[in-house]
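My numbering puts the first residue of the sequence shown at 55, with every later residue one more than the last.
For every residue, glycine included, the Cβ atom is placed at its ideal position computed from N, Cα and C.
A short write-up of the structure that comes next.
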Amino acid sequence: MIDFAKNGRNQVPPLGAMPVSLSAFKLSATDREVLRGLMDSRDRVTLLKMTGASFRPEILRAAWQGVNQGGSRLMVFGANAAASRELEKKYGLVTGAPTVDQLLSNPKTSQRLQGLLVDKVIWVEQAGRLGTKAMNALFELADKKKCRIVLSGDDDGLRASARGDAFRILRQHAGLNTAEWHANQHKEGAFFEDLHAIRDQERNVGKQFAENGRYRQTPAGSFVNEEAAKRFMEVSQRKKSAIMVGPTREAVKWLNRSARVLLRKAGKLKGPDYSFLQLNPVSMSRAEKQDPNNYRRGQYIEFHQSSPGFRSGDRARVVGVTPLLNQVVIRKGFRPPVKLFLSHADRFAVYEPERSHIAIGDKIRMTRNVKPVFGRPLRNQS
55 MIDFAKNGRN QVPPLGAMPV SLSAFKLSAT DREVLRGLMD SRDRVTLLKM
105 TGASFRPEIL RAAWQGVNQG GSRLMVFGAN AAASRELEKK YGLVTGAPTV
155 DQLLSNPKTS QRLQGLLVDK VIWVEQAGRL GTKAMNALFE LADKKKCRIV
205 LSGDDDGLRA SARGDAFRIL RQHAGLNTAE WHANQHKEGA FFEDLHAIRD
255 QERNVGKQFA ENGRYRQTPA GSFVNEEAAK RFMEVSQRKK SAIMVGPTRE
305 AVKWLNRSAR VLLRKAGKLK GPDYSFLQLN PVSMSRAEKQ DPNNYRRGQY
355 IEFHQSSPGF RSGDRARVVG VTPLLNQVVI RKGFRPPVKL FLSHADRFAV
405 YEPERSHIAI GDKIRMTRNV KPVFGRPLRN QS
């Protein structure tokens, strides 16, 4: 991955030209300087680091127009489904954008998309979400199709859910010139000072927070989750948005339980709790998924690519593990148990089951596209 980026430095024509468009007209002088640096890039892999959540859509539109007006053909991809929807919502892409997974490994779309890639510029939005495995595969495809790549993301914000922080690794070790936009440079104040202190891992951050009085400390004898839930309710009742974040999955469970108790007392939750099966992804590399010692009975296997005896979308439960025989036995529904092909580790994901309790009034977030029996389809992250 790093070698491909290093070997491509100063090896190709400029990425594009300064665009003549309404989007470019709306940019500030600082934005135009960064855009000019991006368009002048002669690297096979170009990095665009965007800092801040208030990023204006005109900036990326101008960059895309500059690439096209410079004579190159551009194909835009989202690092994942959330990035694809963000492209649809913010940047006016009517049908969204394909994801990197659809380009690389989805059997229904990869062949068609790869056939369109010859001599194109591949632009990946929110590239900080890509792991090293996906980035390696993307670079191999770009080398095969004679494409150049633009990686647009923020290594201080949205991080990769897969193993390896590829965007950060490339910035630190590939020696590439990075175009940087700081969308929050106009924002000042205590909150943003603290935000940057946490991001930059400054020393004594906790001590500073306690001294300046901007953050609450849990009173002696009370529980963090209960105090956080009370604060959550106070803010919510003022019709302001609030979010609770926990460092671990177990901490998040306690936060949810405490908040739901208060929501039920306030009459926000009605009726009995209904119990549902919830599957939490287990983060394992391909090598770890090939080791039967990492499995236990009760886990679920979901296939995102066909494997002998299973189609894409099928789900099976682990019913037996025999490390000495290098075997993991799974069963789908009432079918006979079969051996899991560990050599096909790139075709399935592993999930840990737990019970989730939901009542009328609870807010839930979908983690995949769902087509209900009645009503409109529900999209991932809705």
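Excluding five sequence positions before and after lysine 425, the CB atoms of its chain that fall closer than 7 Å to its own CB belong to Pro431, given in chain order.
Counting only residues of its own chain and dropping the five nearest sequence neighbours on each side, glycine 207 has a CB closer than 6 Å to the CB of Gln180, Ala181, Gly182, Phe221. Note: valine 382 is bridge-paired with Val375 in the DSSP secondary-structure output. The three-state reading of DSSP puts glycine 275 in coil, since its state is none of H, G, I, E or B.
For serine 159, no beta strand (DSSP E) run applies, since DSSP gives it neither H nor E. For histidine 411, there is no enclosing alpha helix (DSSP H); the enclosing beta strand (DSSP E) covers residues 402-414. The Cβ neighbour count for asparagine 380, taken over all protein chains shown within 10 Å, is under 16; the residue is labelled exposed. C-alpha of alanine 196 to C-alpha of arginine 303: approximately 37 Å in a straight line. Scanning Pro67, Lys199, Arg389, His358 for the CA closest to the CA of asparagine 160 turns up His358. Put simply, of Phe402, Phe388, Leu378 the residue whose alpha carbon is nearest the alpha carbon of serine 366 is Phe402.
By alpha-carbon distance to lysine 198, the top candidate from Asp219, Gly169, Val204, Ile223 is Gly169. Straight-line measurement puts the Cα of alanine 135 at about 7 Å from the Cα of asparagine 434. Across the set Gly91, Ala399, Lys386, Pro362, the C-alpha of Lys386 shows the shortest separation from the C-alpha of valine 372. Put simply, of Val336, Arg419, Ser276, Phe364 the residue whose alpha carbon is nearest the alpha carbon of glutamine 353 is Val336. Contact check for leucine 230 against valine 99 passes: the beta carbons are separated by less than 8 Å.
Under the DSSP definition of a beta bridge, leucine 128 partners with Val175.
A distance below 8 Å separates the beta carbons of leucine 102 and leucine 92. Assignment of proline 326 by DSSP, reduced to helix, strand and coil, places it in the strand class. With a 10 Å radius around the Cβ and a threshold of 16 neighbouring Cβ atoms, alanine 320 comes out exposed.
Only buried fits phenylalanine 131, as 16 or more other CB atoms lie within 10 angstroms of its CB. A direct Cα-to-Cα measurement between arginine 389 and methionine 420 gives close to 29 Å.
According to the DSSP assignment, isoleucine 297 belongs to no alpha helix (DSSP H), since it is labelled neither H nor E.
Collapsing the DSSP output to three states places leucine 184 in coil. DSSP links isoleucine 203 through a beta bridge to Val99, Ile176.
The beta carbons of glycine 374 and proline 391 sit closer together than 8 Å. The C-alpha of valine 404 is placed about 8 Å away from the C-alpha of methionine 338. Counting the other Cβ atoms within 10 Å of the Cβ of phenylalanine 277 gives fewer than 16, which makes it exposed.
The Cβ neighbour count for lysine 324, taken over all protein chains shown within 10 Å, is under 16; the residue is labelled exposed.
Spanning the alpha carbons of leucine 158 and alanine 188 requires a straight line of approximately 8 Å. For isoleucine 355, no alpha helix (DSSP H) run applies; the uninterrupted beta strand (DSSP E) run containing it begins and ends at 354-357, by DSSP. Taken through DSSP and simplified to helix, strand or coil, lysine 319 comes out as helix. Closest option to threonine 232, judged by alpha-carbon separation, among Phe79, Val88, Asn348, Leu394: Val88.
Per the C-alpha coordinates, the member of His398, Val175, Val427 positioned closest to arginine 340 is His398. Taking C-alpha positions only, aspartate 173 is separated from isoleucine 113 by approximately 24 Å. In this structure, glutamate 408 lies away from glutamine 291, with their beta-carbon atoms at least 8 Å apart.
Within the same chain, and ignoring the five residues on either side of threonine 272 in sequence, the residues whose Cβ sits closer than 6 Å to its Cβ are Val278, Glu281.
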